[in-house]
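Read top to bottom, the protein sequences are chains V and Y.
Using this note's numbering, the letters of the first sequence map in sequence onto residues 4 to 424.
Using this note's numbering, the letters of the second sequence map in sequence onto residues 4 to 424.
Please read the structure below before turning to the comments.
2 protein chains.
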Amino acid sequence: MNRKFVSRRRFLQSAGVAAVAVPTSVKGYTAAEMSAFGPDRVTALDISTDVMEQNISKWELDTPALCVDLDALEANLAKLQLTATRNGIASRPHAKTHKTPAIARMQLDSGSVGICTAKVSEAIAMYEHGIDRILMTTVNATPYKITRAMNLRKWCPEFIQATDTPGNARDLSEAAQAAGLVADVVIDIDSGGHRTGITPGQPALALAQLIDQLPGLQLRGMLCYDGGSQHVQGFETRRTRTLERCAPATETYDLMQQSGLSTEIFSGGGTGTYNIDHETRGLTDIQVGSYVFMDAQYLAIGGATDAEVYSDFETSLTILTTVLNAQYEGLVTTDAGAKACTINQPWPIVKGETGMTYRSGSDEFGTLRYDDPSRTYRLGDKLEVIVSHCDPVVNLYDQMYAIRNDRVEAVWKIAARGMSA
Amino acid sequence: MNRKFVSRRRFLQSAGVAAVAVPTSVKGYTAAEMSAFGPDRVTALDISTDVMEQNISKWELDTPALCVDLDALEANLAKLQLTATRNGIASRPHAKTHKTPAIARMQLDSGSVGICTAKVSEAIAMYEHGIDRILMTTVNATPYKITRAMNLRKWCPEFIQATDTPGNARDLSEAAQAAGLVADVVIDIDSGGHRTGITPGQPALALAQLIDQLPGLQLRGMLCYDGGSQHVQGFETRRTRTLERCAPATETYDLMQQSGLSTEIFSGGGTGTYNIDHETRGLTDIQVGSYVFMDAQYLAIGGATDAEVYSDFETSLTILTTVLNAQYEGLVTTDAGAKACTINQPWPIVKGETGMTYRSGSDEFGTLRYDDPSRTYRLGDKLEVIVSHCDPVVNLYDQMYAIRNDRVEAVWKIAARGMSA
């Protein structure tokens, strides 16, 4: 039995998840039927009485269905906020993970200073659903995207944009002046992956100085997202690596301070380093995303207290799926394949069961293979899997069911689904 | 230089694709702006005059944008239909690939006897957009899904359902009687992968006999989809394999005929075997899907006339993307990552260029690395990539731009996007 398998089983057992008795007379509410109860909830408390009266079990949902367990979600929000406060930093969670205004609202209500978005269309979707403290972490590279960002800024005074080249900063300055406003800007600093951001040190300082001088712009500080460290296995290895990779950003922070430039914001970090990032001197807030849901990828990286399983946060996000074929020995076919689960690995994990492996490599169908299974399934049975990688999985669904004690408490619109532009 | 690289370059050169000069003063119409011109076109001819008057270049679209080239799409439809007719079989294309009623309509108009869908929600979405000859290739495994299928059947007399167990056949019979109708049914036969379908031979025959006797059901024949052979590399290997795997289905076909059961429909095959499937005796129609678009995965399998590249159909489906970062040596970052391209491999191929490789492994960003590049890119430049695997890529987008000579001719709603239930 390999190490990963032991880890998973240990995690599932330690989480105290029991095999669930699914009601035999299940209904099967479709996405359209459920969304009619309230497709666009902004808070978890804003619950349609229709849903409450109907008291719908999650097992009565048509599948595939994306579910978030509210107790686990709320525990994750509280744990993150407690840790950040204890470490003297703020949180500015990344909405690219959930794309769901209702969750962004819960994050702000639990103490986050704002949210991040990856794309301007995502920012607009969030703003249109009542979220008004937004840091867009990606540069807008074309004139029309800059115009959209400035339009958003007109309505949303707490919208902050990132830039990483002098030319782009000048474009932002011109667009802000044309729009008759002063736009808040942070510089994006490369953490070494050369994916986005400007080189730390003198290039970053020169850019900050330029922004400070350009009309129509107000420099608010910097961001440095170290994406390359988030999934490094083993807490100490991860800690050493991210602190090394963020050190040049701190040096830039010092240069900016010495030059009298604003360092009010120094945003960075993520779910894999949330309890390390405060050691990066100057850092003001962590851009955590996946902590709300967790997934098979993050479970595998190990934590400070548990070297095998990253159990700092609870796995709140699951997919309900139905068995479509159970007539062959040793396996069953389900209705949740790549179009419902993505093909990210580690593969989805069957919740509450052991001795079976799930694969979603086929577009339409999942395959569940039995090894030494804790139970077996018949045609029409439902089961629940922990998702492989939460961000792209959420991006497949138009709505998410907010579940408490296996009951549907709200139906949340994933308002920024597909907003990659 | 490895074989795959040579193949790709040779394909792109042989296809005569030149590097495109992108207009410098591009606009950037968003998805919302474009959908306002006509979000729900049913045929390619039903074009908003607004769009025509504006004469929008595809390079003026905000990105990421999913585009289908109409000349290539139409050529693929014609080639498929010509080949099928020449081989004495019909086509019943699978709409799981495109999820787009406008394309289903073009398929029916070009001579297909109907379309297939993978899920009942997909079938309903197609019917709601005017498509009324539908074979659903997957069993409905729960009472409420069966009810939905029977409701669809009430409205859509040419809706045909698949079943693969006696118990499910009895459920269909009861539901059809409760709905006061006679439902058309085919039996799904396993091609050896044990994913869906019943075992060929006596089990399949017994199921067909049961259906023939059950009230409320009318047996129309059988289907046997050999998904496992579609991407087998090399034409002859693929041919041998699929004919072997489909032989038991033909034996079942014989048994059914000898028993006086209907074999009016014997549906199977796919894009990888479209010019082989007629050799499976009894087969009436091919469930081709990807042939409308093609993708990097199908290019790699090789064809009857070209062992290296499967060039039987044209690559019509592309994603437009914009460069977000070009300040580092040897690579650029784009705005089309996993959420716009999936992480299927082979990775997307930059259209019309050589000496560079694209990767969409990161959720938000694509990475284009230069090897011996035919050109380089600056911040804000746009480029076009051939998709990795068309089905799950289409499932990420709400609309598709129908392009002719680089101009937007229509905006098509991907009405069954996300319909995995």
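For every residue, glycine included, the Cβ atom is placed at its ideal position computed from N, Cα and C.
Inter-residue Cα distance where the pair is residue i and residue j
| i | j | result |
| --- | --- | --- |
| Gln221/Y | Val291/V | 56 Å |
| Arg362/V | Val71/V | 21 Å |
| Gln300/Y | Leu323/Y | 19 Å |
| Ala126/Y | Ile137/Y | 7 Å |
| Arg244/Y | Leu210/Y | 26 Å |
| Lys102/Y | Gln205/V | 51 Å |
| Met129/V | Asp187/V | 18 Å |
| Ile201/V | Ile192/V | 5 Å |
| Asn398/V | Gly196/V | 25 Å |
| Asp257/Y | His281/Y | 16 Å |
| Arg248/Y | Arg156/Y | 32 Å |
| Arg198/Y | Phe316/V | 35 Å |
| Trp415/V | Ala105/V | 7 Å |
| Pro251/Y | Gln216/Y | 24 Å |
| Leu267/V | Glu161/V | According to the sequence provided, residue 267/V is Glu. The question's Leu does not apply to it. Glu267/V and Glu161/V: Cα-Cα distance of roughly 14 Å. |
| Asp65/Y | Glu387/Y | 13 Å |
| Asp167/V | Pro395/Y | 33 Å |
| Ser423/V | Gly340/Y | 9 Å |
| Arg261/Y | Glu311/Y | First, the residue type needs correcting, since residue 261/Y is Gln and not Arg in the sequence shown. C-alpha separation (whole angstroms): 43 Å. |
| Leu73/V | Thr321/V | 12 Å |
| Gln35/Y | Asp401/Y | What sits at residue 35/Y in the sequence shown is Ala, not Gln. Looking at the two C-alpha atoms, the distance is approximately 10 Å. |
| Met225/Y | Ser194/Y | 12 Å |
| Asp338/Y | Gly364/Y | 12 Å |
| Leu184/V | Ile118/V | 22 Å |
Whole-angstrom C-beta distance between residue j and residue i, which should lie under 8 Å
| i | j | result |
| --- | --- | --- |
| Phe296/Y | Cys393/Y | 4 Å |
| Lys385/Y | Trp158/Y | That belief does not hold up - the Cβ atoms of Lys385/Y and Trp158/Y are roughly 43 Å apart, past 8 Å. |
| Ala93/Y | Thr287/Y | 6 Å |
| Tyr277/Y | Tyr294/Y | 6 Å |
| Thr141/V | Ala107/V | About 17 Å separates the two Cβ atoms, so there is no contact after all. |
| Lys354/V | Ile389/V | 6 Å |
| Ala144/Y | Gly383/V | 5 Å |
Min CB distance residue i to chain Y below 8 Å
| i | result |
| --- | --- |
| Thr421/V | Reading the sequence as shown, one finds Gly at residue 421/V and not Thr. At least one chain Y Cβ lies under 8 Å of Gly421/V. |
| Asn347/V | yes |
| Pro104/V | no |
| Leu386/V | no |
| Asn398/V | yes |
| Tyr256/V | no |
| Gly204/V | no |
| Gly31/V | yes |
| Thr276/V | no |
| Gly195/V | no |
| Leu213/V | no |
| Thr283/V | no |
| Ile201/V | yes |
Closer than 8 Å to chain V by CB, residue i
| i | result |
| --- | --- |
| Tyr331/Y | yes |
| Asp366/Y | yes |
| Lys82/Y | no |
| Gly170/Y | yes |
| Asp374/Y | no |
| Val54/Y | In this predicted model, Val54/Y has a pLDDT of only 49, less than 50, meaning its place in the structure is not dependable; the value taken from the coordinates is given anyway. No - not a single Cβ of chain V is within 8 Å of the one on Val54/Y. |
| Pro395/Y | yes |
| Pro67/Y | yes |
| Arg198/Y | yes |
| Ala252/Y | no |
| Thr370/Y | yes |
| Ala34/Y | yes |
| Gly383/Y | yes |
| Ala209/Y | no |
is_contact[residue i, chain A] using C-beta, thresh 8 Å
| i | result |
| --- | --- |
| Gly272/Y | The structure shown contains no chain A; its protein chains are V and Y. |
Q. Do the segment 303–313 of chain V and the segment 228–239 of chain V make contact, defined as three or more Cβ pairs closer than 8 Å?
A. Touching, yes, given that three or more Cβ pairs across the two stretches are closer than 8 Å.
Q: Taking only beta carbons into account, state which residues of the segment 309–328 of chain V come closer than 7 Å to chain Y, listed in chain order.
A: Thr325, Val326, Leu327, Asn328
Q. Can at least three beta-carbon pairs, one atom from the segment 112–119 of chain Y and one from the segment 77–90 of chain Y, be found at a separation below 8 Å?
A. yes
Q: Tell me, please, whether the segment 357–375 of chain Y touches the segment 404–412 of chain Y by the rule of three or more beta-carbon pairs shorter than 8 Å.
A: no
Q: Below 8 Å between beta carbons is the criterion; list the residues of the segment 89–120 of chain Y that meet it against any residue of chain V, in chain order.
A: Lys99
Q: Return the residues of the segment 334–346 of chain V that lie within a Cβ-Cβ distance of less than 9 Å from chain Y, sorted by chain order.
A: Leu334, Thr336, Asp338, Ala339, Gly340, Ala341, Lys342, Ala343, Thr345, Ile346
Q. Relative to chain V, which residues along the segment 130–148 of chain Y have a C-beta separation below 8 Å, given in chain order?
A. Thr141, Val142, Ala144, Thr145, Pro146, Tyr147, Lys148
(Q) Please list, in chain order, the residues of the segment 288–310 of chain Y that have any C-beta partner in chain V closer than 9 Å. (A) none
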